[in-house]
């Protein structure tokens with residue numbers, strides 16, 4: 002029935018030891034090597050990810066600095082454009098004021114010329130009326146050149162008196 006012998010215990014122990022040695026040589030060493038390689042690969046991936054993360058942080062910081070610098074440059078450009086616009090505005094205003102002054106001066110000169118023409122024309126008409134009135138009063142024709150010259154001289158003297166009075170009024 003049951004035969005318990007020493008060899009019945011020794012052979013299974015020898016078989017287990019032998020199996021363990023064979024498993025260690027053919028299974029555990031390649032498995033450990035594969036696991037070490039996988040661990041090294043994972044560690045390399047982790048190190049690469051950390052390096053990439055640091056590079057991304059550095060790049061993000063550089064981008065922030067570049068963006069801040071670009072904003073500062075944009076602000077400087079805007080300020081410079083505002084200053085240039087103010088300068089151009091000032092120049093245009095000054096130019097338009099000078100042009101307006103020239104136009105006013107020209108208009109004043111034209112007014113003075115036209116006034117002088119109107120005065121001369123009025124003097125001529127007044128002289129004609131005075132001669133006509135005098136001829137009716139005297140009853141003879143005063144149309145000769147001497148009489149015309151006398152009336153013109155009289156009107157010039159009166160005009161000078163009026164112009165002198167105008168100048169005195171303008172000075173006051």
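Residue numbers (the numbering used here): 2 to 173.
Think of the CB as a built atom: it goes at the ideal place given N, C-alpha and C, for glycine as much as any other residue.
In this text, all values refer to a predicted model and were calculated from it rather than measured experimentally.
Span of the alpha helix (DSSP H) around residue i
i, result
"residue 19", "7 to 24"
C-beta atoms of residue i and residue j nearer than 8 Å
i, j, result
"residue 132", "residue 152", "yes"
"residue 113", "residue 156", "no"
Cβ separation of residue i and residue j, assumed to be a contact under 8 Å, to the nearest whole Å
i, j, result
"residue 120", "residue 160", "7 Å"
Reduced DSSP secondary structure (H/G/I, E/B, other) of residue i
i, result
"residue 172", "Confidence in residue 172 is poor, its pLDDT being 43 and thus under 50, which makes the residue's placement unreliable; the coordinate value appears in the next sentence. Helix at residue 172."
Cβ-based burial, residue i [other Cβ within 10 Å; buried from 16]
i, result
"residue 172", "A caution first: residue 172 carries a pLDDT of 43, below 50, which makes its placement in the model unreliable, though a value can still be read off. Looking at its Cβ environment, which holds fewer than 16 other Cβ atoms inside 10 Å, residue 172 is exposed."
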